[in-house]
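Enquirer: Sharing a structure here in structure tokens format.
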Amino acid sequence: MGTVHARSLEPLPANGPDFGALGEEAEFVEVEPEAKQEILENKDVVVQHVHFDGLGRTKDDIIICEIGDVFKAKNLIEVMRKSHEAREKLLRLGIFRQVDVLIDTCQGDDALPNGLDVTFEVTELRRLTGSYNTMVGNNEGSMVLGLKLPNLLGRAEKVTFQFSYGTKETSYGLSFFKPQPGNFERNFSVNLYKVTGQFPWSSLRETDRGVSAEYSFPIWKTSHTVKWEGVWRELGCLSRTASFAVRKESGHSLKSSLSHAMVIDSRNSSILPRRGALLKVNQELAGYTGGDVSFIKEDFELQLNKQLVFDSVFSTSLWGGVLVPIGDKPSSIADRFYLGGPTSVRGFSMHSVGPQSEGDYLGGEAYWAGGLHLYTPLPFRPGQGGFGELFRTHFFLNAGNLCNLNYGEGPKAHIRKLAECIRWSYGAGIVLRLGNIARLELNYCVPMGVQKGDRDEFQMWFLLEGRSVLCT
Amino acid sequence: MSLVAEAFVSQIAAAEPWPENATLYQQLKGEQILLSDNAASLAVQAFLQMCNLPIKVVCRANAEYMSPSGKVPFIHVGNQVVSELGPIVQFVKAKGHSLSDGLDEVQKAEMKAYMELVNNMLLTAELYLQWCDEATVGEITHARYGSPYPWPLNHILAYQKQWEVKRKMKAIGWGNKTLDQVLEDVDQCCQALSQRLGTQPYFFNKQSDGDPDRNKTGRQILTPERPAPPRVSQAISLQMPHTPWSAACGTDEVLAIRK
Numbered sequence: 000m001g002t003v004h005a006r007s008l009e010p011l012p013a014n015g016p017d018f019g020a021l022g023e024e025a026e027f028v029e030v031e032p033e034a035k036q037e038i039l040e041n042k043d044v045v046v047q048h049v050h051f052d053g054l055g056r057t058k059d060d061i062i063i064c065e066i067g068d069v070f071k072a073k074n075l076i077e078v079m080r081k082s083h084e085a086r087e088k089l090l091r092l093g094i095f096r097q098v099d100v101l102i103d104t105c106q107g108d109d110a111l112p113n114g115l116d117v118t119f120e121v122t123e124l125r126r127l128t129g130s131y132n133t134m135v136g137n138n139e140g141s142m143v144l145g146l147k148l149p150n151l152l153g154r155a156e157k158v159t160f161q162f163s164y165g166t167k168e169t170s171y172g173l174s175f176f177k178p179q180p181g182n183f184e185r186n187f188s189v190n191l192y193k194v195t196g197q198f199p200w201s202s203l204r205e206t207d208r209g210v211s212a213e214y215s216f217p218i219w220k221t222s223h224t225v226k227w228e229g230v231w232r233e234l235g236c237l238s239r240t241a242s243f244a245v246r247k248e249s250g251h252s253l254k255s256s257l258s259h260a261m262v263i264d265s266r267n268s269s270i271l272p273r274r275g276a277l278l279k280v281n282q283e284l285a286g287y288t289g290g291d292v293s294f295i296k297e298d299f300e301l302q303l304n305k306q307l308v309f310d311s312v313f314s315t316s317l318w319g320g321v322l323v324p325i326g327d328k329p330s331s332i333a334d335r336f337y338l339g340g341p342t343s344v345r346g347f348s349m350h351s352v353g354p355q356s357e358g359d360y361l362g363g364e365a366y367w368a369g370g371l372h373l374y375t376p377l378p379f380r381p382g383q384g385g386f387g388e389l390f391r392t393h394f395f396l397n398a399g400n401l402c403n404l405n406y407g408e409g410p411k412a413h414i415r416k417l418a419e420c421i422r423w424s425y426g427a428g429i430v431l432r433l434g435n436i437a438r439l440e441l442n443y444c445v446p447m448g449v450q451k452g453d454r455d456e457f458q459m460w461f462l463l464e465g466r467s468v469l470c471t
Numbered sequence: 000m001s002l003v004a005e006a007f008v009s010q011i012a013a014a015e016p017w018p019e020n021a022t023l024y025q026q027l028k029g030e031q032i033l034l035s036d037n038a039a040s041l042a043v044q045a046f047l048q049m050c051n052l053p054i055k056v057v058c059r060a061n062a063e064y065m066s067p068s069g070k071v072p073f074i075h076v077g078n079q080v081v082s083e084l085g086p087i088v089q090f091v092k093a094k095g096h097s098l099s100d101g102l103d104e105v106q107k108a109e110m111k112a113y114m115e116l117v118n119n120m121l122l123t124a125e126l127y128l129q130w131c132d133e134a135t136v137g138e139i140t141h142a143r144y145g146s147p148y149p150w151p152l153n154h155i156l157a158y159q160k161q162w163e164v165k166r167k168m169k170a171i172g173w174g175n176k177t178l179d180q181v182l183e184d185v186d187q188c189c190q191a192l193s194q195r196l197g198t199q200p201y202f203f204n205k206q207s208d209g210d211p212d213r214n215k216t217g218r219q220i221l222t223p224e225r226p227a228p229p230r231v232s233q234a235i236s237l238q239m240p241h242t243p244w245s246a247a248c249g250t251d252e253v254l255a256i257r258k
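Top line first, the protein sequences correspond to chains A and B.
First residue of the first sequence: 0, per numbering that gives the first Met the number 0; consecutive thereafter.
First residue of the second sequence: 0, per numbering that gives the first Met the number 0; consecutive thereafter.
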């Protein structure tokens with residue numbers, strides 16, 4: 000029998016492999032085409048050996064867990080499918096640069112007549128990979144150095160380090176990741192980081208130095224993450240003209256919190272999905288494991304997508320969250336929610352909705368935001384089948400509200416407060432999909448329901464996945 | 000303060016009269032505030048009192064970080080925030096209140112010189128004793144500075160501040176001074192101030208801008224209600240049992256220290 004190479008995702012031809020394409024191996028074939036089909040689907044095979052070529056520091060037990068299913072295949076189609084699945088699992092571990100699968104008949108003294116040998120030819124990633132970038136933006140230049148040590152101890156542990164040295168701020172992050180052998184979705188990671196952020200809408204500068212430990216595990220179709228985080232936060236005013244309400248929040252605080260997040264994602268893509276739904280629910284409890292900040296925080300995100308006629312997609316989304324401080328200390332500006340901007344309510348400046356003092360936005364303890372979107376192909380479909388497929392026309396309606404809650408009033412009063420003075424906007428634009436990581440939007444937006452103190456903008460926006468560049 | 004900032008502040012300040020709700024911010028009195036900060040705060044309070052301007056004192060644990068210059072105390076007047084005695088004096092002058100109007104140029108220059116002496120000598124000595132003398136640091140400063148914060152933040156912030164102050168001391172040449180040298184400098188400073196004061200109640204015949212600063216620093220070092228570094232109080236009391244300056248600050252307090 001000829002050798003079969005399984006390198007890629009191409010589906011098998013319905014009537015057996017095309018022996019003509021195998022080139023020089025075709026001359027070894029002696030059976031008739033009808034018999035070929037019989038070999039593939041009807042003949043029972045037994046996988047006798049699975050070989051691995053190219054293992055270096057990777058330990059055996061983690062490999063054995065990933066390829067266990069290959070031995071259970073009963074016929075050749077199953078062997079090819081299970082080998083393909085095993086190859087995907089091995090690539091997902093993040094320790095191999097390349098994995099090739101060879102399926103061959105068994106040779107040797109103990110070979111059965113229907114025995115098969117499956118060989119995985121792997122190339123391990125190098126022990127240390129580095130990257131160096133320079134970034135310029137926001138009146139600051141910085142040098143970013145990244146180091147990655149994949150498969151550190153042989154069981155798919157990974158250590159990554161990133162260091163950014165800028166003219167104004169330095170930040171770094173070190174993270175250690177370890178999956179459970181045989182169960183990649185169960186994994187554990189520890190992070191150490193320092194990040195600085197500047198928030199001009201609140202005239203606030205925040206430096207966070209923290210350590211976190213998290214454990215992820217799947218339950219049925221959902222993915223859960225349980226995390227403990229300890230952060231030393233330093234808040235400061237961004238300028239001398241910051242409002243006194245923001246100045247009062249300056250200083251140091253320590254947050255030690257436990258959080259749990261659940262994600263169910265059945266969308267086909269995270270950028271411009273055509274179908275599926277997303278539900279994220281996150282809760283955080285701070286204060287009972289140390290620190291001087293005490294609160295309980297809940298937030299959720301829901302997105303539904305449905306494909307319609309004429310290649311259009313209708314999408315709805317809803318976010319919301321509430322923050323309840325525990326004890327008599329008021330909530331900190333670093334924990335509150337913000338609303339506004341191209342990722343939540345378009346037409347309003349970034350995070351510039353809700354309670355404010357002298358032009359600085361202070362955030363709120365409860366919010367909700369929603370959107371209705373309709374994505375259609377470009378009118379007259381220019382570039383159909385090629386470049387034009389990356390563009391979509393986008394019609395949207397966004398709404399949302401953000402406020403502080405007086406917890407003595409009761410839930411009915413809160414709901415009433417969140418339902419009055421709703422900010423909303425509508426508009427249309429063009430979306431460009433950039434690979435699987437970002438989208439570029441150019442929108443014309445009309446903000447409505449603008450309340451006193453909000454900053455709205457009747458302008459065109461470029462949105463690049465959370466970082467927006469204002470145009471005109 | 001730079002010239003531009005000064006001009007800006009005086010423009011804005013001159014526009015409005017002194018409001019009723021002016022507030023002064025400092026650290027927590029009982030558990031947190033240190034000697035040098037307390038002295039500075041008392042100086043500002045005394046000055047405003049001498050000018051007959053009402054001020055309310057608010058204690059907040061993060062006062063040092065709220066301040067635009069990083070130093071306490073600072074005052075919040077209208078929507079202006081001004082920190083440290085020097086700029087506050089300027090600010091109040093721009094609003095039309097000043098204690099130094101009666102002085103001529105020579106006296107003003109002399110006053111400035113004495114204020115610089117107090118700042119450079121006594122204030123630096125206070126900082127040295129608080130942050131560079133291991134006994135004081137261990138017993139008093141660390142515990143007080145970090146008291147409003149949870150573990151481990153209390154230790155981290157105290158060590159961070161100590162490192163900053165030690166770096167500053169090294170920069171001005173005090174890094175290698177021993178405690179005795181510092182006390183000797185303090186002694187000389189006190190002698191100079193005593194000579195200037197003579198037997199008068201005030202340094203310049205009537206109240207001037209410099210008086211609150213010197214009075215309060217002096218009173219600060221001698222007041223038993225604040226846990227003053229023991230060695231300083233010993234040094235002061237040894238040197239000045241009968242000098243006029245001690246009379247100005249109140250002999251009762253001196254006697255209280257000299258056990």
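Every residue, glycine too, gets a C-beta built ideally from N, C-alpha and C.
Please read all numbers here as calculations on a predicted model, not as lab measurements.
Strictly below 8 Å CB to CB, what residues from chain B border residue 243 of chain A?
Expert: Here the question's residue 243 of chain A lines up with position 244 in the first sequence. Correct list: 75, 78 and 80.
Enquirer: Under three-state DSSP, which class holds residue 190 of chain B?
Expert: Position 191 of the second sequence, counted from the start, is the residue given in the question as residue 190 of chain B. Taken through DSSP and simplified to helix, strand or coil, residue 190 of chain B comes out as helix.
Enquirer: Report yes or no: is there a C-beta of chain A within less than 8 Å of the C-beta of residue 27 of chain B?
Expert: As a position in the second sequence, residue 27 of chain B is number 28, starting the count at 1. No, because no Cβ of chain A sits closer than 8 Å to the Cβ of residue 27 of chain B.
Enquirer: Any beta carbon of chain A sitting closer than 8 Å to that of residue 156 of chain B?
Expert: Taking the first residue of the second sequence as 1, we reach residue 156 of chain B at position 157. Yes, residue 156 of chain B lies at the interface with chain A (some Cβ there is under 8 Å from its Cβ).
Enquirer: Since residue 232 of chain A is in the beta strand (DSSP E), which residue starts that stretch and which ends it?
Expert: In the first sequence, counting from the first residue as 1, residue 232 of chain A sits at position 233. Looking at the DSSP string, the run of the beta strand (DSSP E) that includes residue 232 of chain A is 221-236.
Enquirer: Chain B partners of residue 249 of chain A, CB-CB under 8 Å?
Expert: Here residue 249 of chain A corresponds to residue number 250 of the first sequence, with the count starting at 1. Within 8 Å Cβ-Cβ: 61, 64 and 65.
Enquirer: Checking the sheet assignment: what are the DSSP bridge partners for residue 67 of chain A?
Expert: In the first sequence, residue 67 of chain A corresponds to position 68, counting from 1. According to DSSP, residue 67 of chain A bridges with nothing at all.
Enquirer: Would you tell me roughly how many angstroms separate the C-alpha atoms of residue 350 of chain A and residue 320 of chain A, rounded to the nearest one?
Expert: By 1-based counting over the first sequence, the position of residue 350 of chain A is 351. By 1-based counting over the first sequence, the position of residue 320 of chain A is 321. In a straight line, the C-alpha of residue 350 of chain A is about 15 Å away from that of residue 320 of chain A.
Enquirer: Which residues in chain D have a C-beta closer than 9 Å to the C-beta of residue 148 of chain B? List them in chain order.
Expert: Of the chains in the structure shown, none is chain D; the protein chains are A and B.
Enquirer: Less than 8 Å separating the beta-carbons of residue 26 of chain B and residue 76 of chain B?
Expert: On the second sequence, position 27 is the one that residue 26 of chain B refers to. On the second sequence, position 77 is the one that residue 76 of chain B refers to. Not in contact: residue 26 of chain B and residue 76 of chain B (Cβ atoms no closer than 8 Å).
Enquirer: Using a cut-off of 9 Å between C-beta atoms, extract the partners of residue 204 of chain A located in chain B.
Expert: Along the first sequence, read from residue 1 onward, the residue named residue 204 of chain A stands at position 205. Chain B residues near residue 204 of chain A: none, gap ~11 Å exceeds 9 Å.
Enquirer: Does the structure place the region 247-260 of chain A close enough to the region 147-156 of chain B that three or more beta carbon pairs sit under 8 Å?
Expert: yes
Enquirer: For residue 415 of chain A, would you say it is in contact with chain B, using Cβ-to-Cβ distances shorter than 8 Å as the test?
Expert: The residue labelled residue 415 of chain A in the question sits at position 416 within the first sequence. Chain B contact via Cβ: absent.
Enquirer: Closest Cβ-Cβ distance between residue 239 of chain A and chain B: below 8 Å?
Expert: By one-based count along the first sequence, residue 239 of chain A stands at place 240. Taking Cβ atoms only, chain B reaches closer than 8 Å to residue 239 of chain A, which makes this a yes.
Enquirer: Under a CB-based cut-off of 8 Å, is residue 152 of chain B close to chain A?
Expert: Counted from its first residue, the second sequence places residue 152 of chain B at position 153. Yes, contact with chain A.
Enquirer: Determine the chain B residues that contact residue 231 of chain A at a beta-carbon separation under 9 Å, and present them in chain order.
Expert: As a position in the first sequence, residue 231 of chain A is number 232, starting the count at 1. Correct list: 151, 152 and 155.
Enquirer: Taking only beta-carbon positions, decide if residue 246 of chain A is within less than 8 Å of chain B.
Expert: Here residue 246 of chain A corresponds to residue number 247 of the first sequence, with the count starting at 1. Judged by the 8 Å Cβ criterion, residue 246 of chain A is in contact with chain B.
Enquirer: Which first and last residues belong to the alpha helix (DSSP H) in which residue 86 of chain B is found?
Expert: Position 87 of the second sequence, counted from the start, is the residue given in the question as residue 86 of chain B. Counting along the chain, the alpha helix (DSSP H) containing residue 86 of chain B begins and ends at 84-93.
Enquirer: Check whether the region 211-221 of chain A and the region 173-188 of chain A touch, using three or more Cβ-Cβ pairs below 8 Å as the test.
Expert: yes
Enquirer: For the putative contact between residue 124 of chain A and residue 150 of chain A, defined by C-beta atoms under 8 Å, what is the C-beta separation to the nearest angstrom?
Expert: As a working mapping, residue 124 of chain A is identified with position 125 in the first sequence. As a working mapping, residue 150 of chain A is identified with position 151 in the first sequence. 6 Å between Cβ atoms; contact.
Enquirer: Are any of the Cβ atoms in chain B nearer than 8 Å to that of residue 363 of chain A?
Expert: In the first sequence, the residue the question calls residue 363 of chain A occupies position 364. Not closer than 8 Å to any Cβ of chain B, the Cβ of residue 363 of chain A fails to qualify, so no.
Enquirer: Distance, Cα to Cα, residue 170 of chain B vs residue 127 of chain B?
Expert: The residue you call residue 170 of chain B lines up with position 171 of the second sequence. The residue you call residue 127 of chain B lines up with position 128 of the second sequence. C-alpha separation (whole angstroms): 13 Å.
Enquirer: Using a Cβ-Cβ distance under 8 Å, would residue 15 of chain B count as near chain A?
Expert: Residue numbering aside, residue 15 of chain B sits at position 16 when the second sequence is read from its first letter. Not one chain A Cβ lies under 8 Å of residue 15 of chain B.
Enquirer: Determine whether the Cβ of residue 369 of chain A lies closer than 8 Å to any Cβ atom of chain B.
Expert: Your numbering for residue 369 of chain A matches position 370 in the first sequence. For residue 369 of chain A, the answer is no, since every Cβ of chain B falls outside 8 Å of its Cβ.
Enquirer: What separation, rounded to the nearest whole angstrom, lies between the Cα atoms of residue 73 of chain A and residue 47 of chain A?
Expert: If you number the first sequence from 1, residue 73 of chain A lands on position 74. If you number the first sequence from 1, residue 47 of chain A lands on position 48. Approximately 11 Å between the Cα atoms of the pair.
Enquirer: Can you confirm whether the region 100-107 of chain B touches the region 58-72 of chain B when touching is taken to mean that 3 or more C-beta pairs between the two stretches lie within less than 8 Å?
Expert: no
Enquirer: Quick one: residues in its chain with C-beta nearer than 8 Å to the C-beta of residue 49 of chain A, no 5 flanking neighbours on either side, listed in chain order?
Expert: On the first sequence, position 50 is the one that residue 49 of chain A refers to. If you ignore the 5 residues before and after residue 49 of chain A, its C-beta comes within less than 8 Å of the C-beta of 66, 69, 70, 116, 117, 118 and 119, all in its own chain and listed in chain order.
Enquirer: Just curious, the beta strand (DSSP E) that residue 134 of chain A is in, first and last residue?
Expert: Position 135 of the first sequence, counted from the start, is the residue given in the question as residue 134 of chain A. Residues 128-136.
Enquirer: With distances taken from CA atoms, which of B/47, B/63, B/39 and B/44 is nearest residue 248 of chain A?
Expert: Your numbering for residue 248 of chain A matches position 249 in the first sequence. Selected option, being the one with the closest Cα: B/63.
Enquirer: Tell whether a beta-carbon distance below 8 Å holds between residue 299 of chain A and residue 322 of chain A.
Expert: Position 300 of the first sequence, counted from the first residue, corresponds to residue 299 of chain A. Position 323 of the first sequence, counted from the first residue, corresponds to residue 322 of chain A. No, the Cβ-Cβ distance between residue 299 of chain A and residue 322 of chain A is not below 8 Å.
Enquirer: If residue 387 of chain A and residue 377 of chain A are in contact, beta carbons under 8 Å, what's the gap, nearest whole angstrom?
Expert: Within the first sequence, the letter at position 388 stands for residue 387 of chain A. Within the first sequence, the letter at position 378 stands for residue 377 of chain A. Right, the Cβ-Cβ distance comes to about 6 Å (below 8 Å), so this counts as a contact.
Enquirer: How about residue 196 of chain A: is its C-beta nearer than 8 Å to some C-beta of chain B?
Expert: Reading the first sequence from its first residue, position 197 is the one you call residue 196 of chain A. Judged by the 8 Å Cβ criterion, residue 196 of chain A is not in contact with chain B.
Enquirer: Since residue 266 of chain A and residue 277 of chain A are thought to touch, with beta carbons under 8 Å apart, how far apart are those beta carbons, to the nearest angstrom?
Expert: Taking the first residue of the first sequence as position 1, residue 266 of chain A is located at position 267. Taking the first residue of the first sequence as position 1, residue 277 of chain A is located at position 278. That belief holds up - the Cβ atoms of residue 266 of chain A and residue 277 of chain A are roughly 6 Å apart, short of 8 Å.
Enquirer: Quick one: residues in its chain with C-beta nearer than 7 Å to the C-beta of residue 61 of chain B, no 5 flanking neighbours on either side, listed in chain order?
Expert: Mapped onto the second sequence, residue 61 of chain B falls at position 62. If we look at residue 61 of chain B and ignore the five residues flanking it on each side, it has no Cβ neighbours.
Enquirer: Who are the neighbours of residue 235 of chain A on chain B, taking C-beta pairs under 8 Å?
Expert: Looking up residue 235 of chain A in the first sequence gives position 236. Here the neighbours are 64.
Enquirer: Would DSSP call residue 85 of chain A helix, strand or coil?
Expert: Along the first sequence, one-based indexing puts residue 85 of chain A at 86. Residue 85 of chain A falls in the helix class under three-state DSSP.
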